[in-house]
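Novice:
2 protein chains.
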Amino acid sequence: MAESWPFLDTFEPNFRPLVVIELAKGTKEETIEWFTKRIVDKKANGGAQLLIKPLVMENGDENIYLVGASHLRLLLGAETVGLVKECNDNSMRTFTYSSRKTFKDFADDNHNFLTMAECQYIIKHELENLRAKDEKMIPGYPQAKLYPGKSVVRRLLTSGILVQIFPLHDREELKKLRHSWYGQVKVGYQPLDEIRCYFGETIALYFGFLEYFTFALIPMAVIGIPYYVFAWEDYDKYVMFATFNLLWSTVILEVWKRICAIMTYRWGTLLMKRQFEEPRPGFHGVLGINPITGREEPVYSSIKRQIRIYLVSLPFVCLCLYFSLYVMMIYFDLEQWALDYHEENESNFSSLMLFVPSIIYAVVIEIMNRIYRYAAEFLTSWENHRLESSYQNHLILKVLVFNFLNCFASLFYIAFVLFDMKLLRQILNQFAESLLPYWLQKRHKKRMKKRMCSLKTDTDLSLVEQVNLEKEMGTYFGTFDDYLELFLQFGYVSLFSCVYPLAAVFAVLNNITEIYSDALKMCRVYKRPFAEPTANIGVWQLAFETMSVISVVTNCILIGMSPQVNALFADSKTDLILTVALVEHLLLAMKFIMAFVIPDKPRDIQIKLAKLEFESLEALKQQVRATDMYNREK
Amino acid sequence: MAESWPFLDTFEPNFRPLVVIELAKGTKEETIEWFTKRIVDKKANGGAQLLIKPLVMENGDENIYLVGASHLRLLLGAETVGLVKECNDNSMRTFTYSSRKTFKDFADDNHNFLTMAECQYIIKHELENLRAKDEKMIPGYPQAKLYPGKSVVRRLLTSGILVQIFPLHDREELKKLRHSWYGQVKVGYQPLDEIRCYFGETIALYFGFLEYFTFALIPMAVIGIPYYVFAWEDYDKYVMFATFNLLWSTVILEVWKRICAIMTYRWGTLLMKRQFEEPRPGFHGVLGINPITGREEPVYSSIKRQIRIYLVSLPFVCLCLYFSLYVMMIYFDLEQWALDYHEENESNFSSLMLFVPSIIYAVVIEIMNRIYRYAAEFLTSWENHRLESSYQNHLILKVLVFNFLNCFASLFYIAFVLFDMKLLRQILNQFAESLLPYWLQKRHKKRMKKRMCSLKTDTDLSLVEQVNLEKEMGTYFGTFDDYLELFLQFGYVSLFSCVYPLAAVFAVLNNITEIYSDALKMCRVYKRPFAEPTANIGVWQLAFETMSVISVVTNCILIGMSPQVNALFADSKTDLILTVALVEHLLLAMKFIMAFVIPDKPRDIQIKLAKLEFESLEALKQQVRATDMYNREK
């Protein structure tokens, strides 16, 4: 088949397959020919200038292609995506092909200068930015319309011609990573740098945050244990615990920003100016000139986007939140009704009826959750964000708020409307203890899967077998659900910490197992995900900070409601409330001052960033000077 | 005398005097010779390469010198201080001498390319950065020690040899400015661009803020009038007014940031990277290499500074605040005691005694204020900040907090401890109405001064007469006191707005006259101040924002305490407090969300800044590339 593509560079001596493209069965020849031509075509002709080879399968009806690129092409691609690498003088700089010699570990024959994850990211970027020129449609599929600037791959995906694109695992590397990550029984840090090399920055940051967060919870857990063991119920001890918790949660979130800056500086992503990159493939608009970079790309008015966000998305989200609260109120009514019914005519049926409201509520919430998630994705995509990070942040924010309400609104209702601390403690306890069996079961399931996978992986696989195996593996849909789990956990730990001090203990235990099970999941269960360079955990930082502010309020109210405190202010309830309000305001003020005073980046990183900025500005001056001299010589 | 300095470039055809240096009477000849040599000496020899001429006075015992600079020297100086100017393509760029042709309005013979204020700023910068080389002391004054890197001018000032340095007024320009600023009776905006050209950005920004703030208060004033006229005391109307006030104050502060960005972008200071400049003259430390710019300059460990701030300055400020509160409590006790005494034995003496506590308190507060101000200046200077802006911010913060407490603590005490709304309203009313006569008196005084000055200025003065006149004029000590006045006024308007809605009306009236009297002051009363480039109003923004947050709290409490609201919640005081707390939290949350959602810079400014950053990074890439090519050719 290869002979029919004379433009394919079949003489590339060491073609290394990096990315797999699976086309639908029975895709028309002309489409395949056009698509592969676009992929291998020169940049100047609007192609991606990559290498592509068909994978010959035993049953010949599958259209699977392997994509690779020459070493030179990858280096040029690294410049296009703006990778930042370490220089010989230990500073971090944006990689350019012409300055390649100044970078650490660079040699023309060193094919490991770029990690495999980086190579795959470059190829993904190039494929996604393969945009239609003057084609009106995808050849062979008149219904799949194209217009200048439309991402070809995206149209192929939405019209079902392209089934999937995924990067290949590197069996050798994966084995090494697995061993150092969770293969040996040891207490220690995760190999974050290795994870980053293999899976990219987003996933490495997630594991970094998970690890950091677990360590940060340990003091809270340690302090929480005696409250449970000795059944401490003293006023002053609770206040101490809550105060410690609140200040501690501020400190850990501020310190995380600093740690994150240190890590991402080392990885180069802190300096990557992603806002100057080409837009995300889903971004659409009329072809125009980007006012910042001067490049030709789709442009979309930011005012239109603002209107969509504030006049459509925001009201929709508010409506959903209201609806969700409404459903919750119905649930509480139903529950009350079932209780009354049970008391009036006690029978087997009536005691069975007691469970019905909870079951109905759980089912309804789950359905609502799914519908809402689809709606949120649709809306965020419709808002047409230019940057992937901005898209992600808006999507996360939408889903987050809804999940927060679903998880905690009922607890808030129980605590602050029904004033039923016993029930609250019971529910929290139930929740925490349910983590244990859940975790055991997860562990068991994973062990099963592990055995299953090991059978296949430990023998040396041919490329065909490997591709066949991996293309059937599940797809990892990003760190969203993992972060959400952590976020809700943080809510359980901090919002009601003075009612249930043991929550932190369970959270630590859960997170330790979470690290292992998530690691297993990444290495064994899922297809390798594409690396995604990122400099921070984005809107999650904001979410955790907001949660920690809310928890100041809830904890102060809970302490104020405790019988011990009420006994102290037996003669005047007004004094009690005023005192609580005062303490709350002082704590909030302290939090804001702390957040303001602790710098987001350590001083040495600040200096390095300022140095880079200074050098850039100097270079700009030099350039203007050089241009001027050139003009004068002319 | 001039012949004794062969190095003086007496052939400079058009020496334009820009800055006046006054040395103490009887300064030793060798000192004068050394100092002037340092000023005119070549940059390469560690001099400032400026021009200097003695001013021959009628009575010959005064040592007054005029400093100027050649056109070329000023252009090179503009590059050193990093001035940003508009290019021919309407973008703002850092000025460099070699790229001078690309700037708007540049011509080799156009001596107005740099404004006079800019020229004077450049000369001041060069004089202040005249640093000791290997001199151990100032020649002729062995007690005035020098060490490498010490600012010569600063040492001369502290040892009393140098009396003052000030920039000369430009009588022609000043006349024009006066006319367009306040010379004609008209309603309109101030000529901020002209003010900026003449007085520099800091002063122009102050007047811009004053004007903006006055306009922003008008809606509050208009809404406040009917409350006074119709003596509205309804609960819902007060709540409406307070809510409007709170949201409005958030909006105006956010919008100010945007307006400020637009102005300072046009003026070029938004792009000036002042952190890359040479340190402020008061900064000391061992000579070292700045890690960012690579230049040789004094370096001082930031950890040491942090320790000084947090372990010395902060406790000192807290102690002073505590002491001030303590004095206030004594005052209230005295007041109570005088009242009791008056009631017991009523007599002329006893009614006179009623005033004694207030008088003592006022005097003590004034004394404390002055001592504290000195201490704050000493401490901030001792903290050894590298940048003038950082020094200013720390100083302002210290003085601000103390003044805030002195002004408002007693009002807080009256409102929230004594619950005496009548007294509070009375005091606020007194304060507001006292502004009127104060203003009339100020106006009168100014008119006197004006007549006085006019006599001298309207006739054409010789240079000698002008210098003699100006050197006796008062020195303008910066915008601090003007901002402080505005800040405290904002406090009176917003903190108790629902008790005294008329405050905004008085504030508007006061500010309108303030604009005129401050303008008069700048043009007539004071020496011309040196221009100080700045991109924003610094810590004042934070101060106003904090005030607006505090005012949410106070207004909510005041509304909660009003008899109308108390009547609504007659049956349960607890419900009342909880409702107030809920409303307050919602308002605070709304404020923070609004501050988060409204971008600090308008979109087009954001794009222009991003474009500059992009170009800088591209230039850096190009530079590395060029260096590489150069190395290879070698």
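Those sequence lines, one after another, are chains A and B.
Just so it is clear: in the first sequence, position 602 is 1429 by the working numbering, and no numbers are missing.
Just so it is clear: in the second sequence, position 128 is 955 by the working numbering, and no numbers are missing.
Glycine included, C-beta positions come from ideal geometry on N, C-alpha and C.
(1) Let me check understanding here. Comparing Cα to Cα, which of Pro-881(A), Trp-1094(A), Ala-959(A), Phe-1026(A) lies closest to Leu-910(A)?
(2) Going by C-alpha distance, which of Arg-927(A), Lys-880(A), Gly-873(A) is nearest Leu-899(A)?
(3) Pull out every residue of the stretch 847-876 of chain A whose Cβ sits closer than 9 Å to any Cβ of chain D, in chain order.
(4) Which residues in the same chain as Glu-1445(B) place their Cβ atom closer than 6 Å to its Cβ, once the five residues preceding and following it in sequence are excluded?
(5) Report buried or exposed for Leu-973(B), applying the criterion of at least 16 other Cβ atoms within 10 angstroms of its Cβ.
(6) Strictly under 8 Å for the Cβ-Cβ distance: is Met-1279(B) near chain A by that measure?
(7) Residues of the stretch 1113-1142 of chain A with a CB closer than 7 Å to any CB of chain B: list them in chain order, please.
(8) Please state whether DSSP places Phe-993(A) in a helix, a strand or coil.
(9) For Arg-1132(B) versus Glu-1210(B), is the C-beta distance shorter than 8 Å?
(10) Under 9 Å between beta-carbons, which chain B residues line up against His-938(A)? List them in chain order, please.
(11) Can you give the Cα-Cα distance for Thr-1041(A) and Ala-1031(A), rounded to whole angstroms?
(12) Quick check on Ala-829(B) - is its C-beta less than 8 Å from some C-beta in chain A?
(13) So, do the stretch 1040-1059 of chain B and the stretch 1336-1344 of chain B have three or more beta carbon pairs nearer to each other than 8 Å?
(14) Going by the CB atoms, is the gap between Tyr-1353(A) and Gly-1301(A) shorter than 8 Å?
(15) CB-CB under 7 Å to Ala-1203(A), same chain, minus the five flanking residues each way: which ones, in chain order?
(16) I need the boundaries of the alpha helix (DSSP H) containing Asn-1230(B), first residue and last residue.
(17) Can you give the beta carbon distance from Phe-930(A) to Cys-946(A), rounded, assuming they're within the 8 Å contact cut?
(18) I'd like to know whether the C-beta atoms of Met-1374(B) and Leu-1074(B) end up nearer to each other than 8 Å.
(19) Under 8 Å between beta-carbons, which chain A residues line up against Ala-1437(B)? List them in chain order, please.
(20) Between the stretch 1161-1175 of chain B and the stretch 1124-1144 of chain B, do at least 3 Cβ pairs fall closer than 8 Å?
(21) According to DSSP, which residues form a beta bridge with Glu-849(A)?
(22) Once you ignore the five residues that flank Glu-857(A) on each side, which residues in its own chain have a CB closer than 8 Å to its CB?
(23) Would you mind stating whether Asn-778(B) and Glu-1123(B) have Cβ atoms separated by less than 8 Å?
(24) I'd like to know if Leu-1447(A) contacts chain B, where contact means its C-beta is closer than 8 Å to some C-beta of that chain.
(25) With 8 Å as the threshold, decide whether the Cβ of Glu-1359(B) is near any Cβ in chain A.
(26) Helix, strand or coil: which one does DSSP assign to Gln-1450(B)?
(27) Over the uninterrupted beta strand (DSSP E) stretch that includes Ala-1331(A), give me the two end residues.
(28) By the criterion of Cβ-Cβ separation under 8 Å, what are the contact partners of Phe-1441(B) in chain A?
(29) Please confirm if His-1221(A) has its CB atom under 8 Å from at least one CB of chain B.
(30) Of all Cβ atoms in chain A, is any one closer than 8 Å to the Cβ of His-1412(B)?
(31) So, for Thr-1401(B): in the same chain, excluding its five sequence neighbours on each side, which residues have a beta-carbon less than 8 Å away from its beta-carbon?
(32) DSSP beta-bridge partners for Lys-912(A)?
(33) Would you check if there are 3 or more beta carbon pairs closer than 8 Å linking the stretch 1071-1085 of chain A to the stretch 1045-1054 of chain A?
(34) For Gln-1450(A), which residues in chain B fall below 8 Å Cβ to Cβ?
(35) What is the rounded straight-line gap between the Cα of Ala-1437(A) and the Cα of Thr-1361(B)?
(36) Counting pairs of beta carbons, one from the stretch 1310-1321 of chain A and one from the stretch 1290-1299 of chain A, are three or more of them closer than 8 Å?
Specialist: According to the data block:
(1) Trp-1094(A)
(2) When only C-alpha atoms are compared, the closest one is Arg-927(A).
(3) Judged by its chain identifiers, the structure shown contains no chain D, and its protein chains are A and B.
(4) none
(5) buried
(6) Only weak support exists for where Met-1279(B) lies, its pLDDT of 49 falling under 50; the value from the coordinates is given anyway. It does not: the Cβ of Met-1279(B) has no partner Cβ on chain A nearer than 8 Å.
(7) Contact residues of the stretch 1113-1142 of chain A toward chain B are Pro-1118, Ile-1119, Thr-1120, Ser-1129 (C-beta to C-beta distance below 7 Å).
(8) strand
(9) Cβ distance < 8 Å, so Arg-1132(B) and Glu-1210(B) count as in contact.
(10) Residues of chain B passing the Cβ test: none, with the nearest at roughly 21 Å.
(11) 15 Å
(12) In this prediction, Ala-829(B) scores a pLDDT of 34, lower than 50, which makes its location untrustworthy; the coordinate-derived value is nonetheless stated afterwards. No, because no Cβ of chain A sits closer than 8 Å to the Cβ of Ala-829(B).
(13) yes
(14) yes
(15) Counting only Cβ-Cβ distances below 7 Å, and skipping sequence neighbours, we find Leu-1222, Lys-1225, Val-1226.
(16) 1215-1239
(17) That belief does not hold up - the Cβ atoms of Phe-930(A) and Cys-946(A) are roughly 16 Å apart, past 8 Å.
(18) In this structure, Met-1374(B) keeps its C-beta atom at 8 Å or more from the C-beta atom of Leu-1074(B).
(19) Gln-1102, Phe-1103, Ile-1119
(20) no
(21) In the DSSP output, where bridge partners are listed per residue, Glu-849(A) has Ile-891(A), Gln-991(A).
(22) These residues qualify, in order along the chain: Pro-966, Gly-967.
(23) An answer regarding residue 778(B) cannot be provided, because it is not within the stretch 828 to 1461 covered by chain B.
(24) yes
(25) no
(26) helix
(27) It is not in any beta strand (DSSP E) - Ala-1331(A) instead sits in the alpha helix (DSSP H) that spans 1330-1347.
(28) Lys-1100, Phe-1103, Ile-1119, Thr-1120
(29) no
(30) Under the 8 Å criterion on CB atoms, His-1412(B) is classed as interfacial with respect to chain A.
(31) none
(32) Arg-920(A)
(33) yes
(34) Ala-1446, Gln-1449, Gln-1450
(35) 19 Å
(36) No, the stretch 1310-1321 of chain A is not in contact with the stretch 1290-1299 of chain A.
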